[in-house]
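FYI, this note's numbering numbers position 152 of the sequence shown as 152, with every residue one higher than the one before it. The beta carbon of each residue, even a glycine, is placed where N, CA and C say it ideally should be. Heads up: the structure comes next, in structure tokens.
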Amino acid sequence: MNTIQAPCRSEESAVQQLYIKKHKRHHHFVTIMRFLVLFLFLFIWETAARLSLIDSFFFSSPSIVISYFLKMVKDGSFFSNTGITLLETLVSFLLVTVISLVVATLLWYSKTLSEILEPYLVILNSLPKSALAPLFIVWLGTGTDTIIVAGISVAVFGSVISLYTSFKHVDEEKLKLIYTLGGNRLTALKKVVLPASVPAILSNMKVNIGLALVGVIIGEFLAARRGLGYLIIYGTQVFQLNMVITSIIILCIIAMILYQCIQFAEHYYKKKSS
Numbered sequence: 001m002n003t004i005q006a007p008c009r010s011e012e013s014a015v016q017q018l019y020i021k022k023h024k025r026h027h028h029f030v031t032i033m034r035f036l037v038l039f040l041f042l043f044i045w046e047t048a049a050r051l052s053l054i055d056s057f058f059f060s061s062p063s064i065v066i067s068y069f070l071k072m073v074k075d076g077s078f079f080s081n082t083g084i085t086l087l088e089t090l091v092s093f094l095l096v097t098v099i100s101l102v103v104a105t106l107l108w109y110s111k112t113l114s115e116i117l118e119p120y121l122v123i124l125n126s127l128p129k130s131a132l133a134p135l136f137i138v139w140l141g142t143g144t145d146t147i148i149v150a151g152i153s154v155a156v157f158g159s160v161i162s163l164y165t166s167f168k169h170v171d172e173e174k175l176k177l178i179y180t181l182g183g184n185r186l187t188a189l190k191k192v193v194l195p196a197s198v199p200a201i202l203s204n205m206k207v208n209i210g211l212a213l214v215g216v217i218i219g220e221f222l223a224a225r226r227g228l229g230y231l232i233i234y235g236t237q238v239f240q241l242n243m244v245i246t247s248i249i250i251l252c253i254i255a256m257i258l259y260q261c262i263q264f265a266e267h268y269y270k271k272k273s274s
């Protein structure tokens, strides 16, 4: 019996190792291709600017962007403006996460409450959030509070709907088992709903971090005197398009880093739970 099992285990181990190698090879290939696409885009952009195929005054170029970025680092404007935008984004994101979890939990816990509030959540989620920003300025004035509220407004309603939908689609058989064993709705929430919804919560957070950044930039367009959104508006007004494009690229890098942080947490959870 042992002699039969030993070859089977060795075959399974070989298959697993082959799968892991293929997976790593595919992952490395995707990473390399991403960098190649980025390098090709930058090369074409720089070449087109140097050959005057595009006007570098309007479209800038990678070399001009790098030069302007170094200037921002040298005079400190990079750290002050990027820091305030990053802080506002993180605060908005954390508040969106907490509010979404609390409201989605209440909606799941009380069916009556969900039937009352769900249509209003759908309506609020469909509103263009940029239309609400002027109201926030009137209510809260110009400042950090307005920008954070703008960041929250962009993401919170969709996040609540997404989490509530995820809570509703938890395995009914597990819930019945909890109730059969004498558990109540709170027990089902703690033992089944929340643990089963962790992947959905993490996936929702990956979307929210980008939406919070969008909302913060909308707020900075209208109610800020510093931040990357302010630099974009100011640069457009005074025709310093290098400032505009550099700020946009910095925003892209921030969005990528924040997304990767959430994705790392998601991978860590999957690895730990497997």
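For residue i, I'd like the list of residues in its chain whose CB is within less than 7 Å of its CB, leaving aside the five on either flank, ordered along the chain.
i: L132; result: S153
Would you identify the three-state DSSP class for residue i, choosing helix, strand or coil?
i: Q240; result: coil
i: S159; result: helix
i: S130; result: helix
i: G151; result: helix
i: S110; result: coil
i: V15; result: helix
i: T85; result: helix
i: H267; result: helix
i: V102; result: helix
i: T165; result: helix
i: T144; result: helix
i: V91; result: helix
i: V138; result: helix
i: M1; result: Note that M1 scores 46 on pLDDT, short of 50, meaning its location in the model is unreliable; the coordinates nonetheless yield the value given after this. M1: coil per DSSP, three-state reduction.
i: V96; result: helix
i: V170; result: coil
Buried or exposed: residue i, going by 16 or more other Cβ atoms within 10 Å of its Cβ?
i: W139; result: exposed
i: Y230; result: buried
i: Y19; result: exposed
i: A104; result: buried
i: F79; result: exposed
i: V96; result: buried
i: I262; result: buried
i: V102; result: exposed
i: K272; result: exposed
i: T165; result: exposed
i: V149; result: buried
i: K24; result: exposed
i: S92; result: buried
i: K190; result: exposed
i: F41; result: exposed
i: A14; result: exposed
i: K270; result: exposed
i: M72; result: buried
Ordered along the chain, which non-local residues of its own chain (more than five positions away) have a Cβ less than 6 Å from that of residue i?
i: G227; result: N81, I84, T85 and E220
i: Q16; result: none
My guess is that residue i and residue j are in contact by the Cβ rule of under 8 Å, so how many angstroms apart are they, rounded?
i: Y68; j: M243; result: 7 Å
i: I232; j: I248; result: 7 Å
i: S63; j: E46; result: 6 Å
i: L213; j: V192; result: So it is not a contact: roughly 33 Å between Cβ atoms.
i: Y259; j: I209; result: 6 Å
i: T187; j: I178; result: 6 Å
i: I147; j: A265; result: I147 to A265, Cβ: 25 Å. No contact.
i: I305; j: V65; result: Lying before the first or after the last residue shown, residue 305 is absent from the chain, which here runs from 1 to 274.
Is residue i near the ligand HEM, judged by its Cβ being under 7 Å from some heavy atom?
i: T180; result: You won't find the ligand HEM in this model; it holds no ligand whatsoever.
Can you name, in chain order, every residue of its own chain whose Cβ lies under 8 Å from the Cβ of residue i, other than the five neighbours on each side?
i: F136; result: T146, V149, A150, S153, G219 and A223
i: L94; result: none
i: V170; result: V192, V193, A196 and S197
Q: With a floor of 4 residues, list each alpha helix (DSSP H) that falls wholly inside the stretch 18-82, ordered by position along the chain.
A: Complete alpha helix (DSSP H) runs here, min 4: 56-59 and 62-75.
Q.
Going residue by residue through the stretch 180-260, where are the continuous alpha helix (DSSP H) segments of at least 4 residues, counting only ones entirely within it?
A. Runs of the alpha helix (DSSP H) lying entirely within the stretch 180-260 and spanning at least 4 residues, in chain order: 185-188, 198-223 and 228-237.
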